[in-house]
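Report on the following structure.
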Amino acid sequence: MADTAGTQRQLNTGCSSLLRRLGPALIAAVSLPLSIVAVAGQPLQQVSRAAQAPAVAVEPDAVLIKTLLAIKGNQPHVALAEVEKVLQAYPNFRLAHLIKGDLLTARAQPLKAVGGAAGVPSDRLADLREEARARLARYQHERPVDRVPRYLVQLQPEQRYALVVDTSKSTLYVFENQGGNVRYLADYYISSGKNGIDKLREGDKKTPLGVYHVTSSMPREKLADLYGAGAFPINYPNEWDRREGRKGSGIWLHGTPSDTFSRPPQASDGCVVLTNRDIDAIRQRMQIGLTPVIISSDVEWVPAQAITSTRQELNGALDSWRRDWESLDAERYLKHYSPAFTSGSQGYKDFAKQKRQVNAGKQWVKVKLDRVSIFLYPGKEKLAVVTFDQDYSSSNLANRMRKRQYWLKEGPTWRIVHEGAA
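Here numbering that gives the first Met the number 0 is used: the first residue of the sequence shown is 0, the next is one more, and so on.
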């Protein structure tokens, strides 16, 4: 009995030493009240109760946090039991293996850091430490429940979901469209570019920042194992990227290799990488050509009323542009375009000249806009992406097209700096 008590004290001492050295972010994370730690939209208390019932899937992030809470509470045997749950469900979860190794080593000696157990490959140790920090920091900086990302101004009716990536938080958020407003559904841990963000050229191993859309779906059977359970390419470079001289291609949302549960927070060649279970979870919410994917370096959260105000302002500017086009007054119409406007190889002066000539040959013009979506551009406080169906008819021409415009706020006025087919 004395030997058992001594072993327990050694294990407690080793675990306490480990926790002290996890770093301020992790200590703060494991100090959070259970009631405010959310996992896939559920408070951890709910997940804990649900985990006691049979046939409930193991949530790895929830169990990981419970493991560290058990360490903090000097309950190493509980911590071991919790991390074992993760490993039974996900035997390729390397971070969980590392934590288990630390817990076992703590029986014999105090640990100086995460990965203090013998035999951990040094080339992977730093990555696993970063993953531990990133995963737990997600719960230290919880999503503000009374706010929404400022970018999601208006989804068109057919866009059922929107994805917002926060690279600094290693998190992908899923929002549902409810009559043009958005409601949070879930969030997932992600990995992004090895060399950071703000992609500029091919091969720079950076993740782009901007407003994109899913362009196709690639199933597992058509992919190399590196991409896991599936992939969803996005339209990088978009129109604004090309205007800014950004190059490259092949930016996807995709899964992980079969021997890997998750990757470190910065480990891709520029893609956004989720676990295979999470790729499967968001698959049903992907609409090819419709689902927006907004990638930000640090999501800006604002009250819902701020979104409403921006929506009214931009819809007003768009309708004013439409009415001034119908007026056949070329100068009124052209006031909606910035001097910095471009469309393909055409600049403002050539565009204005062409519009004056075209209007001179018209007797009447009617323009109807439908299925309007509006997104603010991350990192560009005064830039908006507006996409819509345009039904145009005039005295000598009629056509229908899907159009995309980029509006820039110049002083108090929104003006178009780029437009073209979407």
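By construction, the Cβ of each residue, glycine as well, lies at the ideal position given by its N, Cα and C atoms. No experiment lies behind these values; they were computed from the predicted model shown.
Check                                                                                                        : Outcome
Of the listed residues R146, P207, T307 and P218, nearest to D268 (C-alpha basis)                            : P207
For V384, the nearest candidate out of L124, D224, E418 and A397 (CA to CA)                                  : E418
Beta-carbon proximity check, S295 vs Q158, cutoff 8 Å                                                        : no
Endpoints, alpha helix (DSSP H) assigned at Y347                                                             : Y347 to A359
CA nearest to the CA of H212, picked from N395, L154, R200 and S167                                          : L154
Rounded straight-line distance, which links the Cα of K402 to that of G343                                   : 13 Å
Nearest neighbour of R106, chosen from A131, V82 and H76 [CA to CA]                                          : H76
H96 - DSSP class collapsed to helix/strand/coil                                                              : helix
S392 and K361 closer than 8 Å at C-beta                                                                      : no
Extent of the continuous beta strand (DSSP E) run through H212                                               : G209 to H212
Check whether D60 and Y183 have beta carbons under 8 Å apart                                                 : no
Three-state secondary structure (DSSP) of E312                                                               : helix
Coarse secondary structure for W239, derived from DSSP in three states                                       : helix
V82 in three-state terms, based on DSSP                                                                      : helix
Of the listed residues K246, K221, L225 and I250, nearest to N234 (C-alpha basis)                            : I250
Endpoints, beta strand (DSSP E) assigned at D165                                                             : Y160 to D165
Assumed close pair V147, I306 - CB separation to whole angstroms, cut-off 8 Å                                : 6 Å
Minimum C-alpha distance to Q139 - residue among L151, V163, R149 and S169                                   : S169
T430 (DSSP reduced to helix, strand or coil)                                                                 : Given that the chain is displayed from residue 0 to residue 421, the structure contains no residue 430 and the question cannot be resolved.
Cross-strand partners of H417 (DSSP beta bridge)                                                             : T341 and Y405
CA-to-CA distance, L333 to S319, given in whole angstroms                                                    : 12 Å
Sequence-distant residues of the same chain with beta carbon closer than 6 Å to R431, five excluded per side : Residue 431 lies beyond the stretch modelled for the chain, which goes from 0 to 421, so this question has no answer here.
8 Å contact criterion, which R262 and L199 should meet: CB distance rounded                                  : So it is not a contact: roughly 23 Å between Cβ atoms.
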